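Asker: Provided herewith is a single structure, encoded as structure tokens, for subsequent inquiry.
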């Protein structure tokens, strides 16, 4: 029972972490909209979430295991689990003369969409935790 609860909450944690990281990537694109030669970046959220969740399950823990190059090293794990995101370059719909590939309309839409999904994930997690809290409280 606890394992299923932990796995469920881990998926939500990883989802929130990835949403926050995607927000940073999209913010960087918007901030560099006028930088000559800047290439817009993004990542596929669903693919990265599947990778992070499956990697955590394969490791048997939350996070990634660190490689040991010596038998005297202490085994450890990172806490993140979403550290190696595969950032891709976005294909420009209308390339500019200075080589910048940021499309502000697309960036704004992606930024707003990601923010809405982040807020929905937070609300879902909050209601789930509130339900668990209510189930654990005694009836008077």
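In my numbering, the protein residues as written are 1164 to 1303.
C-beta atoms are modelled at their ideal positions from N, C-alpha and C, and glycine is treated no differently.
Please read all numbers here as calculations on a predicted model, not as lab measurements.
Residue 1290: buried (16+ other C-beta within 10 angstroms of its C-beta) or exposed?
Answerer: The residue is exposed, with fewer than 16 neighbouring Cβ atoms inside 10 Å.
Asker: Using 8 angstroms as the threshold, is the C-beta distance between residue 1205 and residue 1251 below it?
Answerer: yes
Asker: Buried or exposed: where does residue 1203 fall if 16 or more other Cβ atoms within 10 Å of its Cβ makes it buried?
Answerer: buried
Asker: What distance in whole Å lies between the Cβ atoms of residue 1274 and residue 1189, which are believed to be in contact at a cut-off of 8 angstroms?
Answerer: Right, the Cβ-Cβ distance comes to about 5 angstroms (below 8 angstroms), so this counts as a contact.
Asker: Quick check on DSSP: helix, strand or coil for residue 1269?
Answerer: In the three-state reduction of the DSSP assignment, residue 1269 falls in the helix class.
Asker: Let me know if residue 1178 comes out buried or exposed under the rule of 16 or more other beta-carbons within 10 Å of its beta-carbon.
Answerer: buried
Asker: By DSSP's criteria, residue 1205 is part of a beta bridge. Which residues make up the other side?
Answerer: 1251
Asker: Have a look at residue 1233 and residue 1281 and give me their C-alpha separation to the nearest angstrom.
Answerer: Going from the Cα of residue 1233 to the Cα of residue 1281 covers about 41 angstroms.
Asker: Could you give the residue range of the alpha helix (DSSP H) that holds residue 1263?
Answerer: No alpha helix (DSSP H) contains residue 1263, which DSSP labels as neither H nor E.
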